[in-house]
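Here's the structure we're looking at; comments come further down.
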Amino acid sequence: MDDLQVYKAPKDIPGREDYKVRVRQPEGEWHSLFIYEVKVDMHEVRPASMAYFDLEGTVEVEVTCLYTEIDCVNIAPASREVTYEHHGNTILFKLPRNDSVSSLRLMNSQDFIL
Numbered sequence: 000m001d002d003l004q005v006y007k008a009p010k011d012i013p014g015r016e017d018y019k020v021r022v023r024q025p026e027g028e029w030h031s032l033f034i035y036e037v038k039v040d041m042h043e044v045r046p047a048s049m050a051y052f053d054l055e056g057t058v059e060v061e062v063t064c065l066y067t068e069i070d071c072v073n074i075a076p077a078s079r080e081v082t083y084e085h086h087g088n089t090i091l092f093k094l095p096r097n098d099s100v101s102s103l104r105l106m107n108s109q110d111f112i113l
């Protein structure tokens, strides 16, 4: 059974507007995700963007950087060997059933954590 759960934006928490993230079950309707600001790196703390969703089954993810083109993509963990399509400031990738991605680094931009 495939199931995708997205969550509404929390009240009184400002979102980040540097990325647009959408998810869907294959060939299904796209759902936009709320983008949180989080702090990363214990030694040189800096802001990053984060979104989340729950899934059971396969999901397609589209990430668009709203302030620059993306030069390089690093999806972690690398052992998952997630392939992606890259077009200017947008990447599209598919997570197969029971797979997960802990972070997505878009070069020439800040970290994006999914």
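Take 0 as the starting number for the sequence shown in numbering that gives the first Met the number 0 and just add one per residue. Cβ atoms here follow ideal geometry from the backbone N, Cα and C, with glycine treated the same way.
- The residues GLU36, in chain order, have a CB closer than 6 Å to that of PRO46 in the same chain once the five nearest residues on each side in sequence are set aside.
- Around SER31, the same chain offers ARG21 as residues with beta carbons nearer than 6 Å, after the five sequence neighbours per side are excluded.
- Here the C-alpha atom of LEU3 lies approximately 27 Å from the C-alpha atom of VAL39.
- Distance from the Cα of GLU28 is smallest, within the candidate group GLU59, LEU94 and ILE74, for GLU59.
- Boundaries of the beta strand (DSSP E) around GLN4: 2–4.
- Look at ARG15 here: in three-state DSSP terms it is coil, with no helix or strand label.
- Cβ neighbours of GLY87 within its own chain (closer than 8 Å, five residues either side excluded): GLU68 and ILE69.
- In this structure, the CA atom of SER78 is about 38 Å from the CA atom of ASP11.
- Cβ-Cβ distances below 6 Å link LEU54 to LEU3 in the same chain, with the five nearest sequence neighbours on each side left out; the list follows chain order.
- Going by DSSP, ASN88 is part of no beta strand (DSSP E) at all; its letter is neither H nor E.
- By alpha-carbon distance to GLU61, the top candidate from MET41, PRO25 and VAL44 is PRO25.
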